[in-house]
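> Take a look at this one; I'll ask things after.
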Amino acid sequence: MGRLVPDPTAAPATTWQSATVERVAVETYRAKTFTLRLAEPSPFRAGQHYDVRLTAPDGYQAQRSYSIASAPDDFGRIDLTVELIPDGEVSPYFHEVVEPGDLLEVRGPIGGPFTWTPDLAGPLLLLAGGSGIVPLKSILMHRGLASPDTPALLLYSARGPEDIIYRKFLDSAGRRNPSVAVRCALTRRQPPGWIGYDRRVDPAMLRECIDELMTMHGNDSVPLSYACGPTGFVEAAADALLSIGVDEATIRTERFGPTQ
Amino acid sequence: MVTRGFFGRRRETPPRPIPPGQYLERGFPVLTAGPTQRVPLDQWSFVLVGAEGEPLGEWNWEQFRSLPETEIHTDIHCVTKWSKLDTTWKGVTIDDLLTAAGVSDPSPYLMAFSYGGYTTNLPTWDVLEGRGMVAFEFDGQPIAAEHGGPARLVVPHLYFWKSAKWLRGIRFMPQDQPGFWEQYGYHMYGDPWKEQRYWGD
Ligand SMILES: Cc1cc2nc3c(=O)[nH]c(=O)nc-3n(C[C@H](O)[C@H](O)[C@H](O)COP(=O)(O)OP(=O)(O)OC[C@H]3O[C@@H](n4cnc5c(N)ncnc54)[C@H](O)[C@@H]3O)c2cc1C
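Residue numbers (the working numbering), protein chains in the order written: chain A, 1 to 260; chain B, 1001 to 1201.
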């Protein structure tokens, strides 16, 4: 993180506000996307998150952070994608209770280093583990709208094909645009005839991805890397990048929490 | 605002109060802005720097480990909402480091700085009289790299981002200045009991 220069104007909105749930979409058997309309919208940067606060009738509260899945270009609305942790507290509430019309207390946007703005250019190496795809989808969408020539390669590590979130978006992003490539590593279950990676992220895999990214854009500017997901995934990805000589000042990370 | 249909599942009553907005965590999550730093002990050193940039003291690993050791038992609180009870840290208090350096009157603020470029600011008072230490052991073991080893700052009464991992040194300052997360809108002081997470809290 050494040379990342913080932006002092990036102060988060610190007051709690209510947001209306407009839409609930099922992404996979354990991921749902919630579209929230904010009472007091403020601009955000791709990669940032909101805090959500739930309050029980007796005043007991629980707070968790959820990354913004949508692009900053859609002002006033944010998408949050929540993966179900079955023995958890807040993610089961989202999955079992929340429906359109509900009010939720949120505050944000929050988060500094793990953001992308078009002036940072690229090429972008986006490394997602599980629900770590969420803020990277925001970055990919924003790239497509604001800076479509910036080359990007997404490497998405998921357990099996049924765990892949945003499949449609990723399929079309990868197919339609020559400056975007999507690679998948399915670590536990691969469909018959699978030709993608079938193992966890490692240095050789990242070397191949970087080589592909460099070939795609044909000049030698150093990629910016964003790694996001469960702590174990982010540790492995960042360590692997360092081990193949990637400058740590070009690596940004967001750790969601314990490894499953 | 009461949230429709929410009653709370993590109702485990903490054995003693934890700060508002926090929940009990038994594991030890990791929050870091970049890759984990791995600093070999033979390349490690710790420096104290005065307000004019003048060196006040420097210790290599061996010299550092010959300083007086202190053990503390404490609860820790991360701004990402988890609190962990009954942790044990062993290290060298800032008091003992100042004594070893012969400094009796440090400036009122400090910037802790780390291998990898991380920084965080604190009032000097908050690390004196046993309130802060440079720790090298967690629960009886050397601190793992992902948790800030070989040595990290531990200031348990403030949110844990103030307890800089991979600590490289401390620079004293006449005035308060924001460190890394503080420039991104995290609170300048960070008292978990007042829920000072972000600017304006
Ligand atoms: C900056 C940030 C952004 C985040 N963005 C997202 C996001 O976009 N989508 C999303 O689904 N989550 C995201 N998370 C994780 C989220 O904040 C919660 O931690 C997660 O939803 C679990 O909360 P819970 O209340 O359901 O489980 P808890 O009640 O907190 O935990 C229940 C059990 O599950 C374990 N656990 C907690 N979190 C996880 C995890 N992530 N994976 C596996 N096990 C876990 C706990 O150790 C515990 O044993 C983000 C976290 C951070 C810090």
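Ideal Cβ positions, reconstructed from N, Cα and C, are used throughout, including at glycine.
Ignoring anything shorter than 3 residues or poking outside the segment 139-207 of chain A, list the beta strand (DSSP E) runs there in chain order.
For the segment 139-207 of chain A, the full-length beta strand (DSSP E) segments reaching 3 residues or more read 152-158 and 180-186 along the chain.
> Measure the alpha-carbon distance for B/Ser1107 versus B/Met1173 and round it to whole angstroms.
6 Å
> Going by DSSP in three states, A/Gly130 sits in which element: helix, strand or coil?
helix
> Is it right to say B/Asn1060 is buried, meaning 16 or more other beta carbons lie within 10 angstroms of its own, or is it exposed?
exposed
> In chain B, what lies closer than 7 Å to A/Leu54 by C-beta?
Thr1003 and Phe1006
> Can the beta-carbon of A/Gly76 be found less than 8 Å from the beta-carbon of A/Arg37?
yes
> Report yes if the C-beta of A/Glu99 is less than 7 Å from at least one heavy atom of ligand 3; otherwise report no.
This structure does not include ligand 3; its bound ligands are ligand 1.
> Could you confirm whether any beta carbon from chain B is found closer than 8 Å to the beta carbon of A/Met1?
Low confidence applies here, because A/Met1 scores a pLDDT of 42, under 50, leaving its location unreliable; read the following figure in that light. Yes, its Cβ sits closer than 8 Å to a Cβ of chain B.
> What does the Cβ neighbour count give for B/Ser1104, buried or exposed, with the cut at 16 atoms within 10 Å?
exposed
> Give a yes or no on whether 8 Å exceeds the smallest Cβ distance from A/Tyr50 to chain B.
no
> Output needed for A/Thr250: all residues of its chain with C-beta closer than 8 Å, excluding positions within five of it in sequence on either side, in chain order.
Val222, Pro223, Leu224 and Ser225
> Taking a contact to mean a Cβ-Cβ separation below 8 Å, would you say A/Ala160 touches A/Arg188 in this structure?
The sequence shown places Gly at residue 160 of chain A, not Ala. For A/Gly160 and A/Arg188, yes; Cβs fall inside 8 Å.
> In this structure, how does DSSP classify A/Leu124 when only helix, strand and coil are distinguished?
strand
> If you follow the beta strand (DSSP E) that B/Pro1178 is part of, which residue opens it and which one closes it?
Boundaries cannot be given for B/Pro1178, as no beta strand (DSSP E) includes it and DSSP labels it neither H nor E.
> Of all Cβ atoms in chain B, is any one closer than 8 Å to the Cβ of A/Ile251?
yes
> Do A/Val90 and A/Arg64 come within 8 Å of each other at the CB atom, strictly closer than that value?
In terms of Cβ geometry, A/Arg64 and A/Val90 form a close pair [threshold 8 Å].
> Using beta carbons (cut-off 8 Å, strictly below), is A/Pro8 in contact with chain B?
No answer about A/Pro8 holds up, because its pLDDT of 43 lies below 50 and its placement is not dependable.
> Tell me the residue span of the alpha helix (DSSP H) that contains A/Gly232.
Thr231 to Ser243
> Using the rule of at least 16 other Cβ atoms within 10 Å of the residue's Cβ for burial, across every protein chain shown, is B/Ile1007 buried or exposed?
In the sequence under discussion, the amino acid at residue 1007 of chain B is Phe, which differs from the Ile named in the question. When all chains shown are included, B/Phe1007 counts as exposed.
> So, do the segment 101-120 of chain A and the segment 162-176 of chain A have three or more beta carbon pairs nearer to each other than 8 Å?
No contact exists between the segment 101-120 of chain A and the segment 162-176 of chain A.
> Say the cut is 7 Å; is the CB of A/Tyr29 nearer than that to a heavy atom of ligand 1?
no
> Output, in chain order, the set of chain A residues within a Cβ distance shorter than 7 Å of B/Lys1081.
Listed along the chain, the chain A residues whose CB falls inside 7 Å of the CB of B/Lys1081 are Gln63 and Arg64.
> Is the distance from the Cβ of A/Leu140 to the Cβ of A/Arg183 below 8 Å?
no
> Measuring from the CB of A/Gly88, is there a heavy atom of ligand 1 at a distance below 7 Å?
yes
> Can the beta-carbon of A/Cys228 be found less than 8 Å from the beta-carbon of A/Gly132?
A contact, by the Cβ cut-off of 8 Å.
> Going by other Cβ atoms of all chains shown within 10 Å of its Cβ, with 16 needed for buried, is A/Ser243 buried or exposed?
exposed
> What are the residues of the segment 1012-1035 of chain B that lie near chain A, defined by any Cβ-Cβ distance shorter than 7 Å?
Here the close residues are Gly1021, Tyr1023, Gly1027, Pro1029, Val1030, Leu1031, Thr1032, Ala1033, Gly1034 and Pro1035.
> Nearest-angstrom Cα distance between A/Thr81 and B/Pro1123?
A straight-line Cα-Cα distance of about 39 Å links A/Thr81 and B/Pro1123.
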